[in-house]
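Chains V, B, C, L, E and F, in that order, give the protein sequences.
Here the first sequence is numbered in numbering that gives the first Met the number 0, starting from 0 and rising by one per residue.
Here the second sequence is numbered in numbering that gives the first Met the number 0, starting from 0 and rising by one per residue.
Here the third sequence is numbered in numbering that gives the first Met the number 0, starting from 0 and rising by one per residue.
Here the fourth sequence is numbered in numbering that gives the first Met the number 0, starting from 0 and rising by one per residue.
Here the fifth sequence is numbered in numbering that gives the first Met the number 0, starting from 0 and rising by one per residue.
Here the sixth sequence is numbered in numbering that gives the first Met the number 0, starting from 0 and rising by one per residue.
By construction, the Cβ of each residue, glycine as well, lies at the ideal position given by its N, Cα and C atoms.
Just so we're clear, the structure is a prediction, and the values are computed from it rather than from any experiment.
These notes concern the structure reproduced below.
Protein chains: 6
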Amino acid sequence: MRILVVNVNTTESMTEAIGRQAAAVASPGTEIVPLTPLFGADSVEGNYESYLAAIAVMETVRNYPEPFDAVIQAGYGEHGREGLQEILDVPVVDITEAAASTAQFLGHKYSVVTTLDRAVPLIEDRLKLAGLDARCASVRASGMSVLGLEEDPDAAVNAIVAEAAIAVAQDKAEVICLGCGGMAGLTERVIERTGVPVVDGVAAAVTIAESLVRMGLTTSKIRTYAPPRPKTFKNWPLSSVPVLAGQA
Amino acid sequence: MRILVVNVNTTESMTEAIGRQAAAVASPGTEIVPLTPLFGADSVEGNYESYLAAIAVMETVRNYPEPFDAVIQAGYGEHGREGLQEILDVPVVDITEAAASTAQFLGHKYSVVTTLDRAVPLIEDRLKLAGLDARCASVRASGMSVLGLEEDPDAAVNAIVAEAAIAVAQDKAEVICLGCGGMAGLTERVIERTGVPVVDGVAAAVTIAESLVRMGLTTSKIRTYAPPRPKTFKNWPLSSVPVLAGQA
Amino acid sequence: MRILVVNVNTTESMTEAIGRQAAAVASPGTEIVPLTPLFGADSVEGNYESYLAAIAVMETVRNYPEPFDAVIQAGYGEHGREGLQEILDVPVVDITEAAASTAQFLGHKYSVVTTLDRAVPLIEDRLKLAGLDARCASVRASGMSVLGLEEDPDAAVNAIVAEAAIAVAQDKAEVICLGCGGMAGLTERVIERTGVPVVDGVAAAVTIAESLVRMGLTTSKIRTYAPPRPKTFKNWPLSSVPVLAGQA
Amino acid sequence: MRILVVNVNTTESMTEAIGRQAAAVASPGTEIVPLTPLFGADSVEGNYESYLAAIAVMETVRNYPEPFDAVIQAGYGEHGREGLQEILDVPVVDITEAAASTAQFLGHKYSVVTTLDRAVPLIEDRLKLAGLDARCASVRASGMSVLGLEEDPDAAVNAIVAEAAIAVAQDKAEVICLGCGGMAGLTERVIERTGVPVVDGVAAAVTIAESLVRMGLTTSKIRTYAPPRPKTFKNWPLSSVPVLAGQA
Amino acid sequence: MRILVVNVNTTESMTEAIGRQAAAVASPGTEIVPLTPLFGADSVEGNYESYLAAIAVMETVRNYPEPFDAVIQAGYGEHGREGLQEILDVPVVDITEAAASTAQFLGHKYSVVTTLDRAVPLIEDRLKLAGLDARCASVRASGMSVLGLEEDPDAAVNAIVAEAAIAVAQDKAEVICLGCGGMAGLTERVIERTGVPVVDGVAAAVTIAESLVRMGLTTSKIRTYAPPRPKTFKNWPLSSVPVLAGQA
Amino acid sequence: MRILVVNVNTTESMTEAIGRQAAAVASPGTEIVPLTPLFGADSVEGNYESYLAAIAVMETVRNYPEPFDAVIQAGYGEHGREGLQEILDVPVVDITEAAASTAQFLGHKYSVVTTLDRAVPLIEDRLKLAGLDARCASVRASGMSVLGLEEDPDAAVNAIVAEAAIAVAQDKAEVICLGCGGMAGLTERVIERTGVPVVDGVAAAVTIAESLVRMGLTTSKIRTYAPPRPKTFKNWPLSSVPVLAGQA
C-alpha cells in the first residue's frame, strides 16, 4: 500500500523528517511517499498560510502521478482536510485528529502542546469541528516557532516538556499530543521526561490510514464529501500556469 | 467610507446582484465596491471550491489598489474569513455570521435556508465555530444550485419558502436567514409569503461593517488574527505568475 | 428615526451619561431619547432590583407618549428584554447582547469586565440564554459598584483595566466588553491602556437598533414574542395608581 | 414548619387548587399557606405577565406577616426565583426545577407537557439556566390555556395525555412532568393513562422544601444570592402606594 | 417505610456511620436498614473496586429477605445505580446525584470535595451522565483516602475545608457537596468553618427517597430500566456458590 | 503480538464469531485469542447483565495464564472498560469507542444501529463519556435481540439495513456503525445494501489495538487508570471459590 504524507509547508527538510517518522511506524508492505507542496510558505503559522497550504496540498496531491491508497495531511490544526476528502476516493487522515483520536484510548483527558500561541485557537477550532474537544484538557503553546523546532531540537524538547508538565499537573491531562508536524522525532525524548504517553500525530495517522485501507473503508461520498460538482474555473488550476506546471 | 463586498465565485452577474443588494442598504456616505475573485469556480458548492475561494478572495482583496474601510465576504458557509482578518487591519464581516447575529436579535430561534444539501454541513460548521449555533433551529437545503438561483428566481423563491415553512412549523424557527450570497434580492418576496422576519446576509453584513467602522472598532491583533509572520514563499503570490498577473 | 434608550436604574445622571454615549454614535437622522424608569432602585446590582427594573422599564416605555422606532435596554446582565419584545412591535436591543454580538466580529474570544462580583452570574446567565457564551472567555468583576463608577471614574478605569489585562493574558480574551451601562464614556481610555478593542454596549446597541430599523426588521411575533394575550389584571398597571400616574 | 406556596397568577381558585395539591403531599407537621399575588394577571402566559408576576410574588412574600420556613414559587417556567432567593433567608423552590430534579431520579430522559406553545421557550430557558436541560427530551405544548385547564379538566387531560404519548414514543421520554401549576390535581389520571411516572411540580416542590428545612439547608448567601445591597428606591415599594397597601 | 442504605465497601464501621447519618435525617416512620455488601473491597477507590461494588450491591439487595420501599447506594461517584434501577421496582437514589440535585437548589454553582485525586474523574463522569454537571464548578480532592477519613476525622475535616475554601474562592462554588459516603457525619463541622451550605449525600438521598415513596413515584420501566430479560446464566448468581451462599 | 478479544456474554458461538471477525482483519504476526467470560449471562441486553459482564471480563482476563499485548472488550455500549484499563498495563480498546473513532474519519456524522431499543441509552451514555457523541447523528435500534442476530442473520441484516437507511436519510448519517459485537460478520452485506461505509467495532478495535502496540503506547497510569490500590477483599476473587476456580 502507498500512503502520501503531505507536508503543509514548503521546507523540504521538514518533509523529510515527517517522512522518516512515518516510515518508522509503517507496516512492512507500506510505502510512505513524503510530499512537499508545490507552492506556499516555508512554515505555516497562521490562517493565511494555512488556507494557502490547504489549496496547495490539494493541488499537490492531484498532481501526484502514481496511484496511492491513502493521504495524510501532516499539519497540526491546519485547514483543508475536508477538501481533500471531497476530491479523493481514498481515505484522508489529518494528524490533528489522528493524534486526538489515539490519545483518547490512552487516558481520561489529553492535552496538545504546540508551537506558537497563535496556533492554539486554530487547533482548538479543528478539534471542536472534529468533535474531539470534549476530552481535550488544554492546548498549550511552547513558544517555539515551526522552524525553530528544527533549528534547535534541544530547546524545543525543553519548551515542550515544560508545557506538558503544566498540562499534566494543572489541566489534568493524562496524555500529551505533540501539536506540530515538525515535532516528529521528538516523541521518545518527551516520553522519557514526562512519564505520560506521548502521541505523535504523524505516527498515529499512518496507523489509522493503514487500518482504514486494510478494512476497505474510505470517505463516505453520500453528502458532505461528495465529489465536487462540474464547474467552470477561471485562471485555475495552477497546472495551467507555466511556472507552476513546470514544477509538478 | 468604502466597503469591499467580495463575491466568492467568479460569476460576474452574481457579483453585480450582491453589489446592488449591498448598495440598497448602505448609508448615504458609503461606497460599495463589489469584487469578483481573480480566480476560482463559477459557483462555490463544496469544500474544494470553497478553499480555493478562500485564497482567491484574499488575493483579490490584497490586489485592490485603493484604500478601503471594511471587507465583506459574501459567501454563505465558506472558508477564509479568518485569513482575511489576519492580513487586513480593517473589519472583516462574513455574511453567514452577520445573518445569524442579526437573526438572534429578532427571535428565540432562527433557521438558515440554503441551496444544496451538501452545503448544510459547511454552514453548520461555520456557525459552530462562530459560536452562533446554540439558537440555530436548523439549516435546511432548498435543493436549488447556486447558479439555479439566478436562472430561475421564481422556482428559487418557491423552494426556499417551502423549506422556510417547515423550519417555522417543525423546527420552531422564528426567523429565517437566506443562506446563500446568491439569494440577495429575494428577501422581500420571502417575507411576504412566510410572515416571519427574513434576514439577508449581505444587507446584515453591510450594516455591521458600517457600524464597526463608525465605532472605530476593528479586528483584535493580539493573538488569533495577528498579522502573518514574515515568510519565504515558494511560487506565490499568484501576482508573480504572468497569466494571472495580467488579469489583475 | 427615534430610539428610546432606557436606563435600568433611577439615577438621572446615569441616564444622561448613557444618552450622551448613545448620541455620540448615532447617525445624523437618529434622535436618541434617554429615559429613566418611573420607579425602582437608584442602582441595579442584583436580581431583586433587576426584576423590578424589568417591569419598570416596560411600564416606562409603555407610558412614553410619542412614537418611536426601537428600544435599547441599557442595563448589563439585567432581566426584562423578553418582555419588551412581547409588548412592542419595534426592535428591542439589550446592551449585554449587543456588546457580545459585536465583540464576536472582532476576535476569537471576548471577556466582559463588569462591576461587582455578584453581577457576574447574572451576566453569565444572560449570555447563556442569548447563545452568546461559547466564545466568552470570562466575565470578570472590577469590584466597583455601579454608583462608584460615576463617583470616581479614574478608580473605575484603573480597576477595569486591571481585570481586562488578566482577561487578555490568562483567559485569552482578544476583545473586552464593558459590562455596565454606567461604564459608557470610559471606552476610549480603556482602549488606550489595554491595546485590544473595547466594546461599549450602549454604542453597539445603537448601531444595531439603527441597522434593524434600516433593514425593516423587527421582532418575530410568531411564537415566543407574540403580543400578550388579553388578560384581566388586578391592581395593575401602575398608571392607575395615583402616586405613580402623576409621575408619568 | 410553615411553607408559603405562592401562585404566580391572581386567580384565587387556582391558588386554592395549588394549595390542596401541596397539602395532600405535605408531612403531618407542615402547614401549607397558599398565597395569591397582590397584583398581576389572572393567568400568566408570556414574558410580560411573568416578569410582572416575578415582582408581585416577591412583594407578596415580603408582605406576609408571619414567619415561615420555605417558599415555593408555583409557576412553570416563570421568572423571579433568583430574586426570591436574594430577599429571603429561607429555602426557595421553583416548581419547574423541582419537577425536573425529581424526574431525573425516575428515568433516563423526561419531557414536560405544558399549556400553550408560547410557554415552551420560557420553560426551555428556565431548564437551561437551572442546568436541568441535558436529560430533557422535549417540552411539549398541549394547546390548553392556563384558565382552560380549570374550565375543562377532561379536555385538559386528553390534550396532555396526547402530547405525553408522543413524548414517550418519539422523544424517548421515560417520565412526564406536568408543566403548569394549574395542572395540579391531574396527576393521577395522567399516570393511569400513560403508564409512565408523572411528576407534579407542586408536590415535588413541597417535598424538596421540607427536606431542605429538615436538613437545615438554605440558600447560599456568599455570592449570587447575597441580600440586596441598601438602595434608595423611587416610587417603591408598592406598599407605600395607598391602593395596594390597603390590600396587603 | 423501610429504606435500604447500602454501603459500597465492606468495612462494617463505615456502614454503621452511614446508617447513623441516614437515621439522623429520616422521618419518624422511616426505618433505615444499613447494609454491607456480601463481597468486595474494604474501601472503593477506583474503577476496579467500583465495578465489583456495583455487582456486589445488586446481589446484596437481591438477597435482602424482607420487603423494602427504596434503596440508597451510598458511594460517591460509583458504578451500579442503573443496574439497581433495572432489577428493582422501588426507587433507587445514588448519593452523588442526590447531593448535586440538592445543591442546585441552594446556589448558582456547587463543588464536590472528595477523597483521592483518582476519584475525581469518576465523579465527573457520573455527574455528566446524570446531567448534573452544568452547574458543577469543580470536583476537588482532599487527598484523604476513604479509610483515612475514619481513622483521622480531624485531618479529614482540615483537608476538606482547605479544598472547599479554594472551591469557593477560585471556582466560585456557592455550595459544597461532601464527596464520599465516608464523610457522613462531618457535615456540621465543615459548615461551621466554611460559611457556605454543605450537602451530605446520604442525608440528601434519604429525604429524596422518602419523598419519592410519599409521592408514589418509582423508576420508569418503559425503556432504559425495564426489568432484565430472562437469561441463562453461567456460574451465577453467587448465592449458588456454597462459600458465599453461607454468608448471605 | 497476542490480543485478547473478550466477549461480554457467555455464548461460545458468539465468541467464536467475534474471534473470526477479529482474525480476518488482524495483521500476519497477530494472534487473536477469543475469550468467553467465566460467568455471566448468555446475552447482555441491559445494565444488570452489563455490570456483571464488566466484572466477569476483568476476572477472565486476570485469569488468562499467558502474556498478551492488548485487550479488546467486544461488547457494544457495555460497562467495564475503565476497570480493565486500571488492572492492566497493556492497551484496552472498547469496540463502541473503536467504531465511533473510526467512523469519524469517514464522514461528517455517523449513526449506530444496535439491537434492542433498551440498549440505545447505554450506547449513548458510553459515547458521551468517551467524548464521541458530538458527531453521532443517532443511535437506532433494529429490534433484534442479541441472540436473534445469530439465529436469523437474514432478518438481522434486513432490520439493520432498514434502520441504517433511516439514519442516512433522516438523521443525515454518512457512516454506519454496527452496534453489537454479535453483528460481526454482517458488515459486507450491509455495505452492499446501503452504499455508505459500515464500521464493524471488532475489526476497528483490532486495528487500533495493533496500532497502539506498534507505537509502544499504552494506558496512562498517572491518574484515572492508576493501578488499584492494595485492598483487603471479602469473598473475592471468585478464583478462591471452588466452583468457579475449577472453571478457570
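Only counting the same chain, and skipping five residues up and downstream in sequence, which positions put a Cβ closer than 8 Å to that of residue i?
i: P226/C; result: E85, I86 and K220
i: I144/L; result: It is Ser, not Ile, that sits at residue 144/L in the sequence shown. The answer, listed in chain order, is S42, E44, T114 and L115.
i: S141/L; result: V112, T113, T114, A155, A158, I159, A161 and E162
Quick one: does the C-beta of residue i sit closer than 8 Å to a heavy atom of the ligand COA?
i: V201/E; result: For the ligand COA, the structure offers nothing, since it holds no ligand at all.
If I'm right that residue i touches residue j with Cβ under 8 Å, what's the distance once you round it to whole angstroms?
i: V70/L; j: L51/L; result: Actually they do not touch by this definition, with Cβ atoms about 18 Å apart.
i: P64/F; j: L216/F; result: Between L216/F and P64/F the Cβ distance is about 25 Å, and since that is not below 8 Å, they are no contact.
i: L177/F; j: V189/F; result: 7 Å
i: G76/V; j: T95/V; result: 5 Å
Beta-carbon of residue i versus every beta-carbon of chain C: anything under 9 Å?
i: V119/V; result: yes
i: K108/E; result: yes
Buried or exposed for residue i, please, with buried defined as at least 16 other CB atoms from any protein chain shown within 10 angstroms of its CB.
i: A98/V; result: buried
i: P33/E; result: buried
i: G106/F; result: buried
i: P120/F; result: buried
i: G200/F; result: buried
i: P241/F; result: Confidence at P241/F is low in this model, with a pLDDT of 49, below 50, so its placement is unreliable and the value that follows should be read with caution. Exposed is the call here.
i: T14/L; result: buried
Could you tell me whether the Cβ of residue i comes closer than 9 Å to any Cβ of chain L?
i: K230/C; result: yes
i: K127/B; result: no
i: L51/E; result: no
i: Q20/E; result: no
Using a Cβ-Cβ cut-off of 6 Å (strictly less than) and excluding sequence neighbours within five positions of residue i, which residues of its own chain qualify?
i: E30/F; result: R1
i: V205/L; result: A21, V24 and A25
i: F38/V; result: A55
i: K171/F; result: K108 and A136
i: S210/C; result: none
i: T218/V; result: Q84 and Y224
Less than 9 Å between CB atoms is the rule here; does residue i satisfy it with respect to chain V?
i: K171/C; result: yes
i: P227/F; result: no
Compare the C-beta of residue i against all C-beta atoms of chain F and say whether one is closer than 9 Å.
i: Y224/V; result: yes
i: M57/E; result: yes
i: V174/V; result: yes
i: E44/E; result: yes
i: L3/V; result: no
From the beta carbon of residue i, is the nearest beta carbon of chain G less than 9 Å away?
i: R134/B; result: Any reference to chain G falls outside this structure, whose protein chains are V, B, C, L, E and F.
Can you list, in chain order, the residues of its chain with a C-beta nearer than 7 Å to that of residue i? Leave out the 5 residues immediately preceding and following it.
i: V174/B; result: A102, L105, G106, Y109, V195, P196 and V198
i: G28/F; result: M0
i: Q246/E; result: Caution applies to Q246/E, whose pLDDT of 41 falls short of 50 and renders its modelled position unreliable; the model cannot decide the point.
Under a CB-based cut-off of 9 Å, is residue i close to chain E?
i: M214/L; result: yes
i: Y63/F; result: no
i: G142/F; result: no
i: V70/L; result: no
Check: Any chance the stretch 191–209 of chain L sits against the stretch 118–130 of chain L, with 3 or more Cβ pairs inside 8 Å?
Finding: In the pairwise beta carbon analysis, the stretch 191–209 of chain L is classified as not touching the stretch 118–130 of chain L: fewer than three pairs are separated by under 8 Å.
Note to self: I want to know whether the stretch 101–115 of chain B touches the stretch 154–167 of chain B - three or more CB-CB distances under 8 Å.
What the structure shows: In this structure the stretch 101–115 of chain B lies against the stretch 154–167 of chain B, because at least three pairs of beta carbons, one per stretch, are closer than 8 Å.
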